[in-house]
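Residue numbers (the numbering used here), protein chains in the order written: chain D, 1 to 261; chain V, 1001 to 1409.
Backbone N, C-alpha and C define an ideal beta-carbon position, used for all residues, glycine too.
None of the values given here were measured: they were computed from a predicted structure.
To start, the structure itself, in structure tokens.
Written as structure tokens, this is what we have:
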């Protein structure tokens, strides 16, 4: 067994797993309100208002995770100087072509993947972009009156359309892409245990495995005091900006409180 | 023992009967009290059960206007003792109440032979002996009692749970509609009869006897005007939305939550709407919107929770619905912001386009929504198609490799 993920990866994945699944369950009945299964799901939650509350709660957690991830990236990539292993490179494009050619039997060698293969990078980038889009469109729908003071109202409906479309895309991507690579192709539990069996490591990440064996595991740089203070400053600005944004959003009431549940 | 005590007076009464015919006191000496009647029956060898006793006992008193009548005025056949099986005139009431015969014979309760043996006899509703004016609570036709009379034959008891039935039964409101208020008394017609108070054309006037302003508004609306102008068979009348007997409370959460379905019964009906050049998308576009989605999920799952979402009539009006290609458009456009602000007090004119006014987004109408939808219509099958293609090649390669390695080892 070889360590592949740190505790922060495991926790981050778990939070994403819970919020994503919960949001899919509470979200799709709202996209397809006339479907019979939608009514069943709403019944489980005891009404559409409660289901929506759960949806908003999980969405808030996901939004916080997005902000946290931004801080995390600054911390590890800039302050601790870890390599940006999830950034797509030219090599990924080459690997992509080679993998398809290999699968079709046009070349004899499969691409030698490093820490992250292109399917993993694709999924990560799609997830970050998708989460940003879902959070942004979700906030627009949560505060339609506020946003309609800035942009025409149809953007709120466009946000709704994008929210539903992106959700469908994300859910289908998890069912196909994610399930195939970590459940079907191999039953890969490294995201929960942090460890991957040696044979699987060699098969899936041969290049990184060789580097690890050569003692080339990238270690975070020691914390530089000046950079640390700048980071604190950036983090404070981001957090204050997020709080200010929420205060600005909530300054205008969405609707009168006619009914409380 | 007790029986013997009555035998002698009874025999005496029987013998004296022809002489004293028409003297109520003599009749009531047996028929005035259940116990006495029972004993009298035993005396002539008839064991009367409770129902018979109740039917044959005549209470004292009665309608003041009938005070001049005596038993024998109606029960003409009583000449001897024991009485013959049928003592009464076929319909003694019509001896005086002549005018009612024609009314009844033009109603659903008519005598098929045109005589006075109506399907429902006078005393079935008015009572036989204790006849009081319908304004008297003792009358079976007093508003408090009338539904029980009709329900003896007509078993649809929905009325009792409606606002009118509950108004009478629970609220004790005299003015609340009873069966008679809408169907009439002696002149009840079938609803399919054009002259009936409950006929399509007449119903708004019938309801309007109490709900006058609403009935007036309705007749001026697009629905009511079409009905009054050319007997349009499709437009709803009062009872199509409010239900004739069940009359659910229109201010209840349930009524509000199910109201889009109510309008949708016609406005989502392609066959009916095509006749008038109306789009059936009005319903689907509503359900696809925020308010409609919530209303749809509410209606099925929690119909009795208060629904704080706009429904059709919040913009289009209740009884005063006007055609949107006519004055209705102005009416809605002028008031739309006001309507929105009732729940969204901070709404500005820009907010109005957050609702597509039932338009299906197209490159001309609400293009942003259209293009976002188009984008995902392409991107979703494209992306997932690529995923499946790659997974397919990968599965193929894995299988081929496994077979090859399996063969070698």
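Asked	Found
Beta carbon of residue 1168 of chain V, beta carbon of residue 1132 of chain V: below 8 Å?	no
If contacts are defined as beta-carbon pairs under 8 Å, then residue 1313 of chain V and residue 1259 of chain V qualify, I think. What distance do you get, rounded to the angstrom?	6 Å
What do you reckon, are the CB atoms on residue 41 of chain D and residue 18 of chain D nearer than 8 Å?	no
Per the contact definition of three or more C-beta pairs closer than 8 Å, is the region 1292-1304 of chain V in contact with the region 1355-1367 of chain V?	no
Relative to chain D, which residues along the region 1378-1407 of chain V have a C-beta separation below 8 Å, given in chain order?	1379, 1380, 1383, 1384, 1387, 1388, 1390, 1391, 1393, 1394, 1396, 1397, 1398 and 1400
Examine chain V for any beta-carbon lying closer than 8 Å to the beta-carbon of residue 243 of chain D, and answer yes or no.	no
Please name the residue in V/1033, V/1036, V/1208 and V/1149 whose C-alpha comes closest to that of residue 1239 of chain V.	V/1208
Decide if the region 1039-1050 of chain V is in contact with the region 1066-1080 of chain V; the criterion is three or more beta carbon pairs, one per stretch, under 8 Å apart.	no
Go through its chain and collect everything with a Cβ distance to residue 1369 of chain V's Cβ below 6 Å, but skip five positions before and after it.	1361
Of the residues V/1393, V/1376 and V/1096, which one's Cα is nearest the Cα of residue 172 of chain D?	V/1376
Going by DSSP in three states, residue 1174 of chain V sits in which element: helix, strand or coil?	coil
List the residues of chain V whose Cβ lies closer than 7 Å to the Cβ of residue 34 of chain D, in chain order.	1287 and 1296
Would you say residue 23 of chain D faces chain V, with C-beta separation under 8 Å as the test?	no
Give me the Cα-Cα distance between residue 1394 of chain V and residue 1341 of chain V, rounded to the nearest whole angstrom.	57 Å
Following the continuous alpha helix (DSSP H) through residue 203 of chain D, name the residue where it begins and the one where it ends.	198-204
Taking C-alpha atoms, which residue in D/257, D/215, D/195 and D/170 lies nearest to residue 1387 of chain V?	D/170
According to DSSP, is residue 264 of chain D part of a helix, a strand, or is it coil?	Residue 264 of chain D lies beyond the range of chain D shown here (1 to 261); nothing can be said about it.
Quick check on residue 1278 of chain V - is its C-beta less than 8 Å from some C-beta in chain D?	no
Distance cutoff 8 Å, beta carbons only. Does residue 1409 of chain V sit that close to anything in chain D?	In this prediction, residue 1409 of chain V scores a pLDDT of 40, lower than 50, which makes its location untrustworthy; the coordinate-derived value is nonetheless stated afterwards. So no, residue 1409 of chain V is outside the interface.
Just the chain V side, please: which residues come within less than 9 Å of residue 168 of chain D by C-beta, in chain order?	1376 and 1380
Can you give the Cα-Cα distance for residue 1166 of chain V and residue 1176 of chain V, rounded to whole angstroms?	9 Å
Should residue 1438 of chain V go down as buried or exposed, given a rule of 16 or more other Cβ atoms within 10 Å for buried?	Since the first residue of chain V shown is 1001 and the last is 1409, residue 1438 of chain V is not available in this structure.
According to DSSP, which residues form a beta bridge with residue 3 of chain D?	D/195
Quick one: complete alpha helix (DSSP H) runs, 4+ long, within the region 12-98 of chain D?	36-45 and 48-73
Tell me which residues share the same chain as residue 1139 of chain V and place their Cβ nearer than 8 Å to its Cβ, disregarding the 5 neighbours each side in the sequence.	1126, 1127, 1131, 1132, 1133 and 1145
Against chain V, which members of the region 118-145 of chain D pass a CB distance test of less than 7 Å?	144 and 145
State the DSSP-derived secondary structure class of residue 1052 of chain V, mapped to helix, strand or coil.	helix
Distance, Cα to Cα, residue 190 of chain D vs residue 226 of chain D?	36 Å
How big is the Cα-Cα spacing for residue 1245 of chain V and residue 1150 of chain V?	13 Å
Would you decide whether residue 1334 of chain V is buried or exposed? Buried here means 16 or more other CB atoms lie within 10 Å of its CB.	exposed
So which residues of chain V does residue 30 of chain D contact, with C-beta pairs closer than 8 Å?	1293 and 1297
If you run the structure through DSSP and keep just helix, strand and coil, what is residue 1346 of chain V?	coil
Would you call the region 137-147 of chain D and the region 1336-1356 of chain V in contact, with 3 or more CB pairs under 8 Å?	yes
What is the DSSP secondary structure of residue 1149 of chain V, reduced to helix, strand or coil?	helix
Check each candidate in V/1188, V/1300 and V/1397 and name the one with the smallest Cα separation from residue 46 of chain D.	V/1300
For residue 1356 of chain V, which of D/101, D/154 and D/62 has the nearest alpha-carbon?	D/154
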